[in-house]
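Participant: Here it is, the structure in full.
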Amino acid sequence: MIYRETGQFKTSYAADQAILRLREDRIGLLVILAIAYVVMPLVASEYWLSTIMLPFLIYALAALGLNILTGYAGQISLGTGGFMATGAFAAYKLATAFPGLDFVVVLVLAGLITAFVGILFGLPSLRIKGFYLAVATLAAQFFLLWLYNKIPWFTNYSASGVISAPTRTAFGIPVTGFEASVTTKYLFVLVVVTLLSLAAKNMTRLEVGRSWMAIRDMDIAAEIIGIRPLTAKLSAFAVSSFYCGIAGALWAFSYTGAVEALAFDIGVSFRVLFMIIIGGLGTILGNYLGAAFIVLLPIFLNNALLGLGMQEAVAMASHLEAMIMGALIVFFLIVEPHGLARLWQILKEKLRKWPFPY
Amino acid sequence: MIDRRTGLALMAGVVAAGLVATAAPAQENVQFIPSLVYRTGPYGPNGEPFANGVADYYNLINERDGGINGIKIVFEECDTQYNNDKGVECYERLKNKGPTGAAVFSPLSTGITYALIERATADKIPIFSMGYGRSDAAYGKVFPYIFNPPANYWSQATSIIKYVAEQEGGLDKLKGKEIALVYHDSAYGKEPIPTLQKLEQMYGFKLSLHPVAHPGLEQKATWLKIGRRVRPDWVLMWGWGVMNSTAIKEAAAVGFPMERFIGNWWSGSENDVKPAGDAAVGYKSANFHGAGANWPVHQDIFKYVYDKGLGAGQRERVGEVLYNRGVTNAMIVVEAIRTAQKIHGVRPLTGAEVRDGFEALNITEERLKELGMEGFMLPLKLSCADHEGGGPVYIQQWDGQKWNKVSDWYYPMRDVVWPMIEESALKYAKEKGITPRDCPQG
Amino acid sequence: MEILDLVLLEPIRNILDAPLFFLEVLIGGLMSGVMYALVALGFVLIFKASGVFNFAQGSMVLFAALFFVGFMDAGLPMWLAFLLTLAVMVVLAYAVERMVLRPLVNQPAITLFMATIGITFFLDGLGQAIWGSDVRRLDVGIPEDPIIIADIFINQFDLYAAVICGTLVAALALFFQYTPTGRALRAVADDHQAAMSVGIPLSTVWTIVWIVAGIVGLVAGVMWGAKLGVQFNLSLIALKALPALILGGLTSVPGAIIGGLIIGAGEKVAEVFWGEVLGGAIEDWFAYVLAMVFLLIRPEGLFGEKIIERV
C-alpha cells in the first residue's frame, strides 16, 4: 500500500539508473542516515558509540571488502585478517614516518598498499579454485601476521610488537588517538564507511562489477564471452584488499588505539566470512546485517543472560551465549539460506502488496 | 522445528531483555569493582581459578569485615574470553557502574591492557595489571593510571637470571652458558627479550630465542632443536595456557632435565603441570606469592566464604597457584582502596581517588601479618614515579603433587631494568605527545 | 647474495652436516603428520559423501574428547567410556542430520559450510557447559618415553599414534570396500542422483557418514587429548589439519594421510633448519605455503577428483 512503485515514472535515463529507484527506498535510506549521523551522536552513550557502533561499522567495511571478492567475484578468501593487518601496519608506518600527513591520505595510501599485497596473494586464484583457494588466502593470513610480528621495523622497534596509534588529523580535526572524542571518531568512521559503501555499490554496477559476477557464475563461460579472468580476478582482489586495508587501519587507529599483529588473527577472517554468508553474498545491505548479527548479537545475548540473573554464573552465560548463537545461525540459514539481505527483499515484496495481498 | 514466527518473537524478546538488562540496580554506599575475567575461551582453564580467587577474597572482605572500613564491595564479572574486543566492550560496559564508577580494572590479559591504557587514562580509572601488561608502564610519570606491581616482565627476567646464576655459582659463572628462551610469539612473550639480551651482553651467556606460534599446540620442531641440537644449560619459558603443558611434555620427550627448565609466573600453575603428568616432576617456575592453602587468609576464606556456601569454586581447589594469584590481586586492590580512603575519606571512591591510593600504597610486613599473609608475599611499596615496586620472586618446583618453594626471594636488578623502563616510557611519551608529569619525590 | 646464501644454502649445509639430526626431524615431522591426518580424515569423510565442508570437525574432536574424559573421570573403565562416547556421537550425528542437513538439502555449499559453523558454536558451548572448561588430564596408558634406535630419537607416543591411525585407515578402507553400507557411501559420493535412483536413502547415508566422522573425531580426540590434555584448545587443531587436507585433496582418504605426512615433515624441517634464518615460528604459514605450491601444480590436490569444467 504505502510501499510500491505505482505512479513513480522515470522520465530520464539517469532516474532509471539511480541506485534507489523508489521514493520509499530513498526516504528510508535518508532516515537511516539521519539516525546514524544526527540521532546516534546526540543520543547514544559513549558505551554504544565506542564499543558497539565503531566495531560494527569497521566490521561492516571489512565485510564489504570480502563480499566484493567472495560475494561478487566468487573467490573464497580467509585472508581478511592478514589484509586488515596490512592496512593497520601500513597506516601506522605512514602516520609515524610523516606526522604531518592528513589521516585521509594515510588511509588511502594504506588501502593502496594493501591492494598491492592483495594482488600478490590473489595470483594463485588464477589457477586454484573453490575451497582449495582458501588455502592460498590462509597462507596470506598466516604469513602476513608472522611478518608483522617478526620484523621489528613494522612496529618501529617496539619491544612487545604492539603498535599504538598516535593522534592524527583529517582536515585539521583530530580523528584518532586520545585527543579525539568518541563522537568524532564515530563520525569519521561513519563518513568513510558511507563513502566506500556508495563506491562499492556503484562499482558492482559498472563493467568491472559485471565482469566479477560473470566470473563468479562460471569462469569458463565468462572467459569465452571475452572477460579476462586475470583482470577480473585480480581487480577483485585489489578492490577487496583496499577495503579490508582501510578497515584494518580504522580498527587500529579509530577503535582500539593499540593493536598487535595477533589482533588480526584467523578468528577475524572467519568472523568476517560469517558476516557475509549470514548477511547475504553479493549484496551491499547484507554486510551491515551480517556485521550486526555477528557483532551485536553476542553482546545482547550476554547482557540479556546476565540480566536474567546469571551474574553468578558468568561461565555458563558464555557457554549459553555460544549455544544460542550457533542455534540462531542454523535457524536463520534454514529460514533463509541466502542470507538476511534476502529476508529483507522478501519483506519488501510482501510490503508492496500489504495489506491487500490478493 | 521451531515455527518461524515464534523464533523471531523469541529473538525480539532476547534482544529486548538485553536492552533492559543494561540498567543495573543502584546501591548507594558501596564500592564498585569490576572484574574482567575469562572463564571460557582458549585460556579459560587458567582464568577460572584466578577469577575464583578474586571473588572469594572480595566476599571474604564483605563477610568478615563488612566491607572496606564498612564500605561494602560490589563486584561484577565480565567474561572477556581473553579476546581484546570483548575486553574493551566489558570495560566500557562496567566503567560507569556503581555509585562512583569503576574503582580499578584488572584486565588479566596483556593484549587487553594495551587496548585499555589510553581509554583508562582518559577516563581516569586506574589499570592494575599485576605482573603482566606493558612493562614500561612502571614509569608513573608517563603512565599516571597504569600500575604493574609487584614486578613487570623485565624485572622478572632479571630475577630469574639471578637464580640461574646462583645455581651456577655466581653471576661471573654465567659466561659461556647457553640459555634458551621459549616464548609465546606475541606481545606478551616478546617482553623479556630486550632485557635478556642486555643481560647477555653484561654477563656473557649465550641466549637463543625459540618462538612458539599461538596457541602452541605443536612444538615438536622447537624442542627437537633445543633438546637435540642447541642443548642449552637452561631453558626459560614465557608461555601461557596449553603452550606450557605441551612444552613440558615435549621437553621431557627429548630428555631435557626438568630441573633446568624454568617458566615465568604465568607458566607455573597446576594447569600447566597436571596435564603433563609425571613428565612435569621437577619442573620449576617463578612466582611472587605463596602456593597452597596454608595461610591464615585461606582459613578465613574457608570459614567466612566456603562454610557459608558463598565459594566461587570448588573448596579443594583453594590454594592453587592461580587461585592465590587472584587472591593477591584482590588483596592489593582492597589495600589500595583502603589507602585511598585514608587520603580522601571513608566513602565510595572514584577511579581517580583510588589511583592516589595505589600511588601511596605501602603494604608492610606488619600489614601482611594482619592480613594473614605473612610470608605469602613480601612487602610492596609504590609511589608516584614508581608504579611497579620492584618486588621479588622466588622459584618453585613441582613434585608431582604440589608446588614447593625451592629458593630464596630474588629482587630484580633494578639498576639494569629501570633505565630501560625510563627510555621506553619516554619514547612512548614522545610518540604520543605526552609531557611527563612531575612527581614530588622525584 | 649473502641473504640468498643464508636462506637457500646455509640450511642445506646444516642438513648435510648433521644427517642424523635431519632424519630425526623428518621422522618427528612424519609422526606429527599422522596426528594431523587423523583430524583431516573426518573432514574428508563428510566432504566426500555430502559435499559439505564440515567446519565443526575440530569441535567434534573436542566434544568427543570432553565426553570421553568426563566418563573416565567418573570412574568408568576405558572401553565403557569409549562406547558411551560413541553413543553420544551417534546421537549427535542423528541430530545434525535431522535438524541441520535435512532442512538445508540442495542448498549451495557455502550455506552448508556456514551451517556447520553454527554447529561449531553450539558444540563448543554445549560441551563446556556440561563438562566445564578446566584442563583435564587424559591417560590412556600409552607410554611416552622416547626410544633411541641407532642414535635416532623417536617418540614412542607418536609410534602408537601412527599404528592407531594406520589401523583406522585400514578399517575405513575395508568398510568402504566390502560392506553394503560402505558401497552405498561410495555410490553417494560418486553421484547423489544416481545413488538415489537406485534406491539408496540419502539421509541414512548422511547419518552414517556423520557417525563415522564422529568415530574418527573420537579417536583423534583421545589421541590429541592424551597428548595435550583435554581442553578448549583441542578444537583449534582443525587449523593444523587444514593444509594437510587440502594438499591431499578434499575427497581422498589416502590423500589426507599423504597430505598429513608431507605437511608434517615439511613444516618441521622448515622450522628447524630455516626457522633460525627467518626468525622462527614459521611452521604455521609454511604449511599453507607448501600446500599452495602443491596446489599450483595440481589444483585439485594430490589425490582429489579431477575438476572437469564445461560451459
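Residue numbers (my numbering), protein chains in the order written: chain R, 88 to 445; chain X, 311 to 752; chain E, 452 to 762.
Even glycine gets a Cβ: it sits at the ideal position worked out from N, Cα and C.
Quantities reported herein were computed from a predicted structural model and do not represent experimental measurements.
With a threshold of 8 Å between beta carbons, is X:I312 in contact with chain E?
Facilitator: Here residue 312 of chain X corresponds to residue number 2 of the second sequence, with the count starting at 1. Note on X:I312: pLDDT 42, under 50, position unreliable in the model; no value is reported.
Participant: Using a C-beta to C-beta distance shorter than 7 Å, which residues of chain E count as neighbours of R:W240?
Facilitator: As a working mapping, residue 240 of chain R is identified with position 153 in the first sequence. What R:W240 touches in chain E: nothing, since even the nearest Cβ is about 12 Å away.
Participant: Could you pull out every unbroken beta strand (DSSP E) segment of at least 3 residues lying fully inside the segment 499-531 of chain X, listed in chain order?
Facilitator: Those beta strand (DSSP E) runs which fall completely within the segment 499-531 of chain X and span 3+ residues are 516-522.
Participant: Please list, in chain order, all residues of the same chain as R:A257 whose beta carbon is under 7 Å from its beta carbon, the five residues on each side excluded.
Facilitator: Looking up residue 257 of chain R in the first sequence gives position 170. Result list for R:A257: D189, F190, V191, F275, in chain order.
Participant: Taking all protein chains shown into account, do 16 or more other C-beta atoms lie within 10 angstroms of the C-beta of X:D433, making it buried, or fewer, making it exposed?
Facilitator: Residue 433 of chain X sits at position 123 when you count from the first residue of the second sequence. Per the 10 Å Cβ criterion, buried.
Participant: Using a Cβ-Cβ cutoff of less than 7 Å, which residues in the same chain neighbour X:H764 once the five nearest sequence positions on both sides are dropped?
Facilitator: Here chain X comprises residues numbered 311 to 752, so residue 764 of chain X is not present and cannot be evaluated.
Participant: Pull the bridge partners of X:F438 from the DSSP assignment, please.
Facilitator: Position 128 of the second sequence, counted from the first residue, corresponds to residue 438 of chain X. Answer is X:F457, bridged to X:F438.
Participant: Does the pairing of the segment 345-364 of chain X with the segment 414-428 of chain X give three or more beta-carbon distances under 8 Å?
Facilitator: Touching, yes.
Participant: At a CB-CB cut-off below 8 Å, which residues of chain E make contact with R:R214?
Facilitator: Position 127 of the first sequence, counting from 1, holds the residue named residue 214 of chain R. Ordered by position in chain E, the residues that pass the 8 Å Cβ test against R:R214 are L746, L747, P750.
Participant: For the alpha helix (DSSP H) holding X:V384, just list the boundary residues, first then last.
Facilitator: Taking the first residue of the second sequence as position 1, residue 384 of chain X is located at position 74. It is not in any alpha helix (DSSP H) - X:V384 instead sits in the beta strand (DSSP E) that spans 382-389.
Participant: Would you tell me roughly how many angstroms separate the C-alpha atoms of X:G682 and X:G573, rounded to the nearest one?
Facilitator: The residue labelled residue 682 of chain X in the question sits at position 372 within the second sequence. The residue labelled residue 573 of chain X in the question sits at position 263 within the second sequence. For X:G682 and X:G573, the distance between alpha carbons rounds to 28 Å.
Participant: How would you label E:D575, buried or exposed, when you count the other beta carbons within 10 angstroms and need 16 or more for buried?
Facilitator: Here residue 575 of chain E refers to the residue found at position 124 when the third sequence is read from its first residue. It counts as buried.
Participant: Mind checking whether X:P344 and X:A412 have CB atoms under 8 Å apart?
Facilitator: In the second sequence, counting from the first residue as 1, residue 344 of chain X sits at position 34. In the second sequence, counting from the first residue as 1, residue 412 of chain X sits at position 102. Cβ atoms of X:P344 and X:A412: closer than 8 Å.
Participant: Please state whether the Cβ-Cβ distance between E:V490 and E:A638 is less than 8 Å.
Facilitator: Within the third sequence, the letter at position 39 stands for residue 490 of chain E. Within the third sequence, the letter at position 187 stands for residue 638 of chain E. The answer is no: Cβ separation not under 8 Å.
Participant: Residues of chain R with CB under 7 Å from X:N394, in chain order?
Facilitator: As a first step, residue 394 of chain X must be located in the second sequence, where it is residue number 84. Residues of chain R passing the Cβ test: T343, A350.
Participant: Against E:V723, what residues of chain X qualify as contacts under a CB-to-CB distance less than 8 Å, listed in chain order?
Facilitator: If you number the third sequence from 1, residue 723 of chain E lands on position 272. The contacting residues are A531, L534, K535, R539.
Participant: Can you tell me whether R:N236 is buried or exposed? The criterion is at least 16 other CB atoms within 10 Å of its CB, across all chains shown.
Facilitator: To locate residue 236 of chain R, count along the first sequence from 1; it is residue 149. Buried, since its Cβ has 16 or more Cβ neighbours within 10 Å.
Participant: Contact defined as beta carbons within less than 8 Å: I believe R:V422 pairs with E:V551. What is the distance between those atoms, to the nearest angstrom?
Facilitator: Taking the first residue of the first sequence as position 1, residue 422 of chain R is located at position 335. Taking the first residue of the third sequence as position 1, residue 551 of chain E is located at position 100. That pair is no contact at about 13 Å.
Participant: Return the Cβ separation of X:E488 and X:K516 in integer angstroms, given the expectation that the two are a contact with Cβ distance under 8 Å.
Facilitator: Start at 1 with the first residue of the second sequence, and residue 488 of chain X comes out as number 178. Start at 1 with the first residue of the second sequence, and residue 516 of chain X comes out as number 206. Right, the Cβ-Cβ distance comes to about 5 Å (below 8 Å), so this counts as a contact.
Participant: Nearest-angstrom Cα distance between R:I333 and R:W135?
Facilitator: On the first sequence, position 246 is the one that residue 333 of chain R refers to. On the first sequence, position 48 is the one that residue 135 of chain R refers to. Using only the alpha carbons, I get a separation of about 22 Å.
Participant: Is the Cβ-Cβ distance between X:L632 and X:F360 less than 8 Å?
Facilitator: Here residue 632 of chain X refers to the residue found at position 322 when the second sequence is read from its first residue. Here residue 360 of chain X refers to the residue found at position 50 when the second sequence is read from its first residue. Against a cut-off of 8 Å, the Cβ pair of X:F360 and X:L632 comes out as a contact.
Participant: Roughly how many angstroms separate the alpha carbons of X:M641 and X:L370, rounded to a whole number?
Facilitator: Mapped onto the second sequence, residue 641 of chain X falls at position 331. Mapped onto the second sequence, residue 370 of chain X falls at position 60. Each residue's alpha carbon lies about 10 Å from the other.
Participant: Taking only the alpha-carbon atoms, compute the straight-line gap between R:E436 and X:G526 and give it to the nearest angstrom.
Facilitator: Your numbering for residue 436 of chain R matches position 349 in the first sequence. Your numbering for residue 526 of chain X matches position 216 in the second sequence. About 51 Å.
Participant: Who are the near neighbours of R:F218 in its chain, counting only those whose CB is closer than 7 Å to its CB and skipping five residues on each side?
Facilitator: For the purposes of this step, residue 218 of chain R is identified with residue 131 of the first sequence, where counting begins at 1. Counting only Cβ-Cβ distances below 7 Å, and skipping sequence neighbours, we find I163.
Participant: With DSSP collapsed to three states, give me the class of X:V452.
Facilitator: Counting from 1 along the second sequence, the entry for residue 452 of chain X is found at position 142. It is coil, neither helix nor strand.
Participant: For the candidate residues E:R464, E:L589, E:T702, E:E475, whose alpha-carbon lies nearest to that of X:P585?
Facilitator: Counted from its first residue, the second sequence places residue 585 of chain X at position 275. Out of E:R464, E:L589, E:T702, E:E475, E:L589 has the C-alpha closest to the C-alpha of X:P585.
Participant: Looking at C-alpha atoms only, which residue of X:W544, X:I647, X:F668 is the closest neighbour of X:G699?
Facilitator: The sequence position of residue 699 of chain X within the second sequence is 389, counting from 1. Nearest of X:W544, X:I647, X:F668 to X:G699, Cα basis: X:F668.
Participant: Among E:A488, E:A560, E:V503, E:L698, whose alpha-carbon lies nearest the alpha-carbon of R:L368?
Facilitator: Here residue 368 of chain R is taken as the residue at index 281 of the first sequence, counted from 1. Of the candidates E:A488, E:A560, E:V503, E:L698, the one whose C-alpha sits nearest the C-alpha of R:L368 is E:A560.
Participant: Between E:W736 and chain R, is any beta-carbon pair separated by less than 8 Å?
Facilitator: Start at 1 with the first residue of the third sequence, and residue 736 of chain E comes out as number 285. Answer yes: the Cβ-Cβ gap between E:W736 and chain R drops below 8 Å somewhere.
Participant: Strictly by DSSP, which residues pair up with X:Q707?
Facilitator: Numbered from 1 along the second sequence, position 397 holds the residue referred to as residue 707 of chain X. The partner list for X:Q707 (beta bridge, DSSP) reads X:K594, X:N714.
Participant: Looking only at its chain, what residues have a beta carbon closer than 8 Å to the beta carbon of X:P567, apart from the 5 residues adjacent to it on each side?
Facilitator: In the second sequence, the residue the question calls residue 567 of chain X occupies position 257. Hits under 8 Å: G592.
Participant: For the segment 274-315 of chain R, which segments carrying the alpha helix (DSSP H) assignment without a break, of at least 4 residues, lie completely within its bounds, in sequence order?
Facilitator: Counting only runs of 4 or more, we get 294-304, 306-311.
Participant: Secondary structure at E:I733, three-state DSSP: helix, strand or coil?
Facilitator: Numbered from 1 along the third sequence, position 282 holds the residue referred to as residue 733 of chain E. Coil at E:I733, not helix or strand.
Participant: Any chance the segment 703-719 of chain X sits against the segment 462-482 of chain X, with 3 or more Cβ pairs inside 8 Å?
Facilitator: Segments in contact, yes.
Participant: When you compare each of X:G565, X:K559, X:L546 to X:W576 by their alpha carbons, which one comes out closest?
Facilitator: Position 266 of the second sequence holds residue 576 of chain X. Here the closest residue by C-alpha is X:L546.
Participant: What whole-angstrom Cβ distance do X:W548 and X:P502 have, given they're in contact under 8 Å?
Facilitator: Here residue 548 of chain X refers to the residue found at position 238 of the second sequence. Here residue 502 of chain X refers to the residue found at position 192 of the second sequence. About 6 Å; that satisfies the 8 Å criterion.
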